[in-house]
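Residue numbers (mature numbering (1 follows the signal peptide of the UniProt record, and there is no 0)): -27 to -1, 1 to 293.
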C-alpha cells in the first residue's frame, strides 16, 4: 500500500511540474509578442514623424548627407601612391614587362631558373619536413625557409635571410601600405645587404611546389645546406639572365636615341635648302619670285575646293 501511495504522489508531482513549465513557456511567448508589438509601434511613430517634417528640415538632412558623401570622397582622394618599383621610365619598361612579368624583376625569367628553383625548394621542403617529424618542438628554430611578405620583411630586417625568391606576377597594389610597398622595402634591404634576389615561377607555381593551397608571393631562405650545388648553379643562371636583361634595356634605349636623332636630321635639310636658295643665281631668284606671285591664286583655288568638299560632307551627314 505504501509503495502504491508513493507512486501516486510522484505522478502528481510530475504533472504539477509539467503544468508549471507550460505556464512559464506561455509567459515567455507573451513577453516576446509584446516586445515585437512595441517595436512595430515605435517604427510606425518614427515614420509618421519623418513624414510630418517641414521642407526646411528635409533640406538640412539632404545637406548633411551630401556633406558626409563629400567627406568620404575626400578621404578616398587622399590615398597616397607609392614610388615606382623601377628607375626606368614607363615608356621603356612597358616594352619588356607585362602583368605576368612585372617591372620589379631585374633579370629575365628562363626555364633553367624555374627548374632549378623547383629543385631547390623541393629539397629544402624535404629537409624541413624531416626535422618536423623528428622533433616538432625545435621545428621553428631549424626552419629552412619562411613564406609571405611580412615574414620575409621581418627576417630581412633581422639579417637572417640568405636568399629571396619572388614570384614575377605579384598583384599590383600601389597604394601606401599595399603589396608594392612591402615588396619595395624587401628589395631595398636585399640591395643594401647584398642578398641575392631570384624572380622565378609564379605565385601558384610556388604554392604547389611547397604543397600549399594558397598561392605564395615571396620566400625567404634561411639555410640551403644540403642543396649548395643547385643553389650555386641557380645563382650563375640568374647572373647570366641579368646580363641578358641589361642588354635588352640598352638596346631599347639606343633605339629610342637613334629615332630621336633621325627625326632631328629630317628637320635640318629645310634650313639647308633655304641657304642654297640664298646663294643661287639671279635667274633662279627671278623664277622663284614668279612662282611666289602665282602661289596666292593656287592657294585660293585649293581653299575653295576644300570648302566645297567640306560642305558636301556636312550635307550628307545632315541627311536622315
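Ideal Cβ placement from N, Cα and C applies to all residues, glycine included.
Exercise for the section: Would you mind giving the Cβ-Cβ distance between residue 77 and residue 160, rounded to the nearest angstrom? I have them listed as a contact below 8 Å. Expected result: Numbered from its first residue, the chain shown carries residue 77 at position 104. Numbered from its first residue, the chain shown carries residue 160 at position 187. With a Cβ gap of about 7 Å, residue 77 and residue 160 count as contacting.
Problem - Cα-Cα separation, residue 99 to residue 105 - result: Within the chain shown, the letter at position 126 stands for residue 99. Within the chain shown, the letter at position 132 stands for residue 105. Their backbone Cα atoms lie some 10 Å apart in a straight line.
Practice task
If I'm right that residue 81 touches residue 214 with Cβ under 8 Å, what's the distance once you round it to whole angstroms?
Solution key: For this step, residue 81 is matched to residue 108 along the chain shown. For this step, residue 214 is matched to residue 241 along the chain shown. With a Cβ gap of about 4 Å, residue 81 and residue 214 count as contacting.
Practice task
Report the rounded CA-to-CA distance for residue 184 versus residue 8, giving the unit in angstroms.
Solution key: Taking the chain shown and counting its residues from 1, the one referred to as residue 184 is at position 211. Taking the chain shown and counting its residues from 1, the one referred to as residue 8 is at position 35. One C-alpha to the other measures close to 54 Å.
Practice task
State the beta-bridge partners of residue 147 as determined by DSSP.
Solution key: Translated into the one-based positions of the chain shown, residue 147 becomes position 174. According to DSSP, which records beta bridges pairwise, residue 147 is partnered with nothing at all.
Problem - Burial state of residue 223 (16 or more Cβ within 10 Å) - result: One-based indexing of the chain shown puts residue 223 at position 250. Answer is exposed; the Cβ neighbour count stays below 16.
Handout entry: residue 189 versus 177, 195, 199 and 196, residue with shortest Cα-Cα distance
Key = As a working mapping, residue 189 is identified with position 216 in the chain shown. The shortest Cα separation from residue 189 among 177, 195, 199 and 196 belongs to 177.
Handout entry: Within 9 Å, strictly: CB atoms of residue 120 and residue 200
Key = Against the chain shown, residue 120 aligns to sequence position 147. Against the chain shown, residue 200 aligns to sequence position 227. If you check the CB distance, residue 120 and residue 200 do not come in under 9 Å.
Problem - Three-state class that DSSP yields for residue 47 in the structure shown - result: Locating residue 47 in the chain shown gives position 74, counting from the first residue. For residue 47, the predicted structure reports a pLDDT of 39, less than 50, and the residue's modelled location is therefore unreliable. The matter cannot be settled from this model.
Exercise for the section: Rank 142, 102 and 221 by C-alpha distance to the C-alpha of residue 191 and give the top, closest one. Expected result: Within the chain shown, residue 191 is the residue found at index 218, counting from 1. Ranking the options by Cα distance to residue 191, first place goes to 142.
Handout entry: Helix, strand or coil at residue 168 according to DSSP, with G and I counted as helix
Key = Here residue 168 is taken as the residue at index 195 of the chain shown, counted from 1. When secondary structure is reduced to three states using DSSP, residue 168 falls in the coil class, being assigned neither helix nor strand.
Handout entry: Backbone secondary structure at residue 74 - three-state DSSP
Key = On the chain shown, residue 74 is found 101 positions in, with the first residue counted as 1. In the structure shown, residue 74 sits in coil (DSSP, three-state: anything other than H, G, I, E or B).
Exercise for the section: Specify the secondary structure class of residue 222 as computed by DSSP and reduced to three states. Expected result: For the purposes of this step, residue 222 is taken as residue 249 along the chain shown, with counting starting at 1. If DSSP states are grouped into helix, strand and coil, residue 222 belongs with the helices.
Problem - Candidates 4, 194 and -8: closest to residue 127 by CA position - result: Within the chain shown, residue 127 is the residue found at index 154, counting from 1. Considering only alpha carbons, the answer is 194.
Practice task
State the Cα-Cα distance for the pair residue -13 and residue 186, rounded to the nearest angstrom.
Solution key: The count along the chain shown starts at 1 and reaches residue -13 at position 15. The count along the chain shown starts at 1 and reaches residue 186 at position 213. Between residue -13 and residue 186, the C-alpha separation is close to 59 Å.
Problem - 8 Å Cβ shell around residue 52 - same chain, five flanking residues per side excluded - result: Locating residue 52 in the chain shown gives position 79, counting from the first residue. Note that residue 52 scores a pLDDT of 37, beneath 50, so its modelled location is shaky; the value from the coordinates is reported in the next line. Here the set comprises 148 and 149.
Handout entry: Contacts around residue 207, its chain only, beta-carbon distance under 8 Å, and the 5 residues preceding and following it disregarded
Key = For this step, residue 207 is matched to residue 234 along the chain shown. Cβ neighbours of residue 207 beyond the five flanking positions: 86, 89, 90, 93 and 171.
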